[in-house]
Amino acid sequence: QKEVEQDPGPLSVPEGAIVSLNCTYSNSAFQYFMWYRQYSRKGPELLMYTYSSGNKEDGRFTAQVDKSSKYISLFIRDSQPSDSATYLCAMSRGGSEKLVFGKGTKLTVNP
Amino acid sequence: DAGVIQSPRHEVTEMGQEVTLRCKPISGHNSLFWYRQTMMRGLELLIYFNNNVPIDDSGMPEDRFSAKMPNASFSTLKIQPSEPRDSAVYFCASSLRDTNQPQHFGDGTRLSIL
Numbered sequence: 138q139k140e141v142e143q144d145p146g147p148l149s150v151p152e153g154a155i156v157s158l159n160c161t162y163s164n165s166a167f168q169y170f171m172w173y174r175q176y177s178r179k180g181p182e183l184l185m186y187t188y189s190s191g192n193k194e195d196g197r198f199t200a201q202v203d204k205s206s207k208y209i210s211l212f213i214r215d216s217q218p219s220d221s222a223t224y225l226c227a228m229s230r231g232g233s234e235k236l237v238f239g240k241g242t243k244l245t246v247n248p
Numbered sequence: 047d048a049g050v051i052q053s054p055r056h057e058v059t060e061m062g063q064e065v066t067l068r069c070k071p072i073s074g075h076n077s078l079f080w081y082r083q084t085m086m087r088g089l090e091l092l093i094y095f096n097n098n099v100p101i102d103d104s105g106m107p108e109d110r111f112s113a114k115m116p117n118a119s120f121s122t123l124k125i126q127p128s129e130p131r132d133s134a135v136y137f138c139a140s141s142l143r144d145t146n147q148p149q150h151f152g153d154g155t156r157l158s159i160l
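Line by line, the protein sequences are chains C and F. Using my numbering, the first residue of the first sequence is number 138, and each one after it goes up by one. Using my numbering, the first residue of the second sequence is number 47, and each one after it goes up by one.
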């Protein structure tokens, strides 16, 4: 079993839809949880960063962490064509430690 | 603000050649990470440094790979000799240790070994 599992998709939605992305993990030592967005031929760009369990909201994006279920989610409201990218979940034991990534979910938002 | 800078952006070379990838972290950051991204395995850590000292190199695939960080503003990842299976995108990331701040990535080096 991989430490972090993420459905690779692809996921295709119409503009304006609510998008739900998620990851599961097996290592209970993970404390920091991140979502990165990666456009084609670019590096991962940090989208959301949370510590331990709970929710965090930033504009159209909401990140949720449920440590009891070892499950994290990213919700995108009112999705836009510019949201089309690959979304990577990542997590670490400490704030300055190595990240363990999911394989990414490719999202396409159709106008 | 300048982000993480990697060079070259693209490298195409023949099997057996030496390849050197370069990274300049964000000024003031003291943790530096090298990752490799492939379709099959996704993004995986190769090695990381804190204050220029290698901390975890367990992801380095074999002795053909080596990494150095001679000072706080420069790191190299070297592959010698290169093989076709080394073809991947190599990313460098940096962060400020002990602040729990996230890692910031460069745009990567796309490496093709023929």
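Glycine is no exception: its CB is placed at the ideal position from the N, C-alpha and C atoms.
Asked	Found
Cβ neighbour criterion (16 or more within 10 Å) applied to F:Glu60	exposed
Cross-chain neighbours of C:Gly232 in chain F, by beta carbon under 9 Å	Ser141, Arg143, Asp144, Thr145, Asn146, Gln147 and Pro148
Rounded separation between C:Tyr169 and F:Thr84 - CA only	24 Å
Closer than 8 Å at the beta carbon, the chain C residues around F:Phe95	Near F:Phe95 there are no residues of chain C at all, since even the closest Cβ is about 11 Å away, more than 8 Å.
Euclidean distance between Cα positions of F:Lys117 and C:Gly153	Looking at the sequence itself, residue 117 of chain F is Asn, so the reference to Lys does not match. If you take the alpha carbons of F:Asn117 and C:Gly153, they lie about 48 Å apart.
From C:Ile213, C:Asn247, C:Pro248 and C:Lys235, residue whose alpha carbon lies closest to that of F:Leu78	C:Lys235
Unbroken beta strand (DSSP E) run spanning C:Phe212, endpoints	Tyr208 to Ile213
Which listed residue (C:Ala166, C:Ser177 and C:Asp215) has its alpha carbon closest to that of C:Thr242	C:Ser177
Test item: CB-CB of F:Val135 and F:Gly154 under 8 Å	yes
Straight-line gap, C:Asp220 to C:Lys204 (C-alpha atoms, nearest Å)	27 Å
C:Gly231 versus F:Thr145 - alpha carbon distance	10 Å
Counterpart residues of C:Asp203 in DSSP-defined beta bridges	C:Tyr208
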